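Counting with mature numbering (1 follows the signal peptide of the UniProt record, and there is no 0), you get residues -20 to -1, 1 to 103 for the letters of the sequence shown.
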Amino acid sequence: MKKSLLALLVAAPLALTLSGCVISVKDGEIDHSFMSDHEDRAYSNRKKIAKVQLGSSFADMQETLGVADFSETYTDGEQTVRVLYYRTQRKHKDGLTTKDECTYLQFVDGSLVQTGNGDEYKR
């Protein structure tokens, strides 16, 4: 009886303090898959962007690179300007993608006219 009561007195507070917590251990390793996914995507985007050529079509680039992290479309006089931003580096360890971590591709009337660092793009 004393052992049961003692076990209850020790186990009850522990159970109440751990409620709602999830503890995951994988052979003593920390799971970095989230971060490595971002780094893999950035590396893949850099490799693909390094091969693009000015004059490439908007449709071809979207097919090659996939969905952009950010995009803008506006008109400049009679021309339609589209800017796609793809993550190519990591500057902040917050897991979010910002334009300063991207490379931009600027298209005028569907044709690639320039690329550069995402935070340097100006209308």
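Glycine included, C-beta positions come from ideal geometry on N, C-alpha and C. Please read these numbers as outputs of a predicted model, since none were measured by experiment.
Cβ pair residue i, residue j closer than 9 Å
| i | j | result |
| --- | --- | --- |
| residue 86 | residue 26 | no |
| residue 80 | residue 60 | no |
| residue 107 | residue 24 | The question about residue 107 has no answer, for the chain in this structure spans -20 to 103. |
| residue 28 | residue 53 | no |
Through-space distance from residue j to residue i, alpha-carbon basis
| i | j | result |
| --- | --- | --- |
| residue 51 | residue 64 | 5 Å |
| residue 98 | residue 67 | 9 Å |
| residue 48 | residue 62 | 12 Å |
| residue 103 | residue 34 | 19 Å |
| residue 21 | residue 58 | 35 Å |
| residue 94 | residue 46 | 18 Å |
| residue 101 | residue 41 | 18 Å |
| residue 39 | residue 56 | 20 Å |
| residue 14 | residue 31 | Because the pLDDT of residue 14 is 47, which lies under 50, any placement of that residue in the model is unreliable, and the question is left without a value. |
| residue 73 | residue 96 | 22 Å |
Close beta carbons around residue i, own chain, < 8 Å, minus the five adjacent residues each side
| i | result |
| --- | --- |
| residue 71 | 78, 80 and 81 |
Residue i classed as buried or exposed, judged by whether at least 16 other C-beta atoms fall within 10 angstroms
| i | result |
| --- | --- |
| residue 84 | buried |
Cβ-based neighbour list, residue i, same chain, cut-off 7 Å, excluding 5 preceding and 5 following
| i | result |
| --- | --- |
| residue 19 | 70 |
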